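S.K.:
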Amino acid sequence: MSEEKLIENNRNEVLTEMEFNAAKEAVAYGCIKYADLSSTRTNDYIFSHKRMLNITGNTAAYLLYAYARIRSIARNAGVNRETLVQKLKDQNGVVACEHQAEIKLAKQILKFSETLLSVLDSFYLHLVSVLLRILNYLFLIFSAL
1 MSEEKLIENN RNEVLTEMEF NAAKEAVAYG CIKYADLSST RTNDYIFSHK
51 RMLNITGNTA AYLLYAYARI RSIARNAGVN RETLVQKLKD QNGVVACEHQ
101 AEIKLAKQIL KFSETLLSVL DSFYLHLVSV LLRILNYLFL IFSAL
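Quick look at the structure:
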């Protein structure tokens, strides 16, 4: 199924055969691992390839798609990690947020360490997936500005 999704997204046309096979395996394992980690440990879950590989909802495939989209936006804008780090240094680590969507996204990003501490205390690993899902949603709203 991960192979079908990669072909559907034309990845077989831009990757070598070895890269394609590695991507296929990484997506498949990632989807299964994410399904495990995104489920509340106190609830049962049903193993479903179809649900795990869905590109909408709370799945690794959806987050991988969102990550690829974010990277594409950054690449098209000519932004890279070094540029961002330098800009933060130039501004003494201060980021000015002008729009409500930026403020909401920034506040959610700041909850990352709090979420990790909560996971360590409660062993509810699914809280990380909840945070990622919210961050993705807020980024989509932010990027539409």
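Per UniProt numbering, residue 1 is the first one in the sequence shown, and the count goes up by one each step.
Quick reminder that beta carbons are idealized off the backbone N, C-alpha and C, glycines included.
As the structure is a prediction and not an experimental result, all values here were calculated from the model.
1. Just verifying my parser: in three-state terms, what is the DSSP assignment at Ala35?
2. Considering only their Cβ atoms, is the gap separating Ala106 from Val94 smaller than 8 angstroms?
3. Please classify Asn12: does DSSP put it in a helix, a strand, or coil?
4. Tell me whether His126 sits in a helix, a strand or coil according to DSSP, three-state version.
5. Give me the Cα-Cα distance between Val119 and Ile32, rounded to the nearest whole angstrom.
6. How many Å lie between Phe142 and Ser72 at the Cα?
7. So, are the CB atoms of Thr40 and Tyr124 less than 8 angstroms apart?
8. Taking 8 angstroms as the cut-off, decide whether the C-beta atoms of Asn58 and Ser38 are in contact.
9. Tell me which residues share the same chain as Leu127 and place their Cβ nearer than 7 angstroms to its Cβ, disregarding the 5 neighbours each side in the sequence.
M.R.: On the basis of the supplied data:
1. The sequence position of residue 35 within the sequence shown is 35, counting from 1. If DSSP states are grouped into helix, strand and coil, Ala35 belongs with the helices.
2. Taking the sequence shown and counting its residues from 1, the one referred to as residue 94 is at position 94. Taking the sequence shown and counting its residues from 1, the one referred to as residue 106 is at position 106. Contact: no.
3. Walking along the sequence shown from the start, residue 12 turns up at place 12. Correct three-state label for Asn12: helix.
4. Position 126 of the sequence shown, counted from the start, is the residue given in the question as residue 126. The answer is helix: DSSP assigns His126 an H, G or I state.
5. Indexing the sequence shown from 1 puts residue 119 at position 119. Indexing the sequence shown from 1 puts residue 32 at position 32. Straight-line Cα distance between these residues: approximately 20 angstroms.
6. If you number the sequence shown from 1, residue 142 lands on position 142. If you number the sequence shown from 1, residue 72 lands on position 72. Their Cα atoms are separated by approximately 15 angstroms.
7. Reading the sequence shown from its first residue, position 40 is the one you call residue 40. Reading the sequence shown from its first residue, position 124 is the one you call residue 124. Yes, these two residues count as a Cβ contact at 8 angstroms.
8. Translated into positions along the sequence shown, residue 58 becomes position 58. Translated into positions along the sequence shown, residue 38 becomes position 38. The Cβ atoms of Asn58 and Ser38 lie closer than 8 angstroms to each other.
9. Residue 127 sits at position 127 when you count from the first residue of the sequence shown. These residues qualify, in order along the chain: Thr115, Ser118, Val119.
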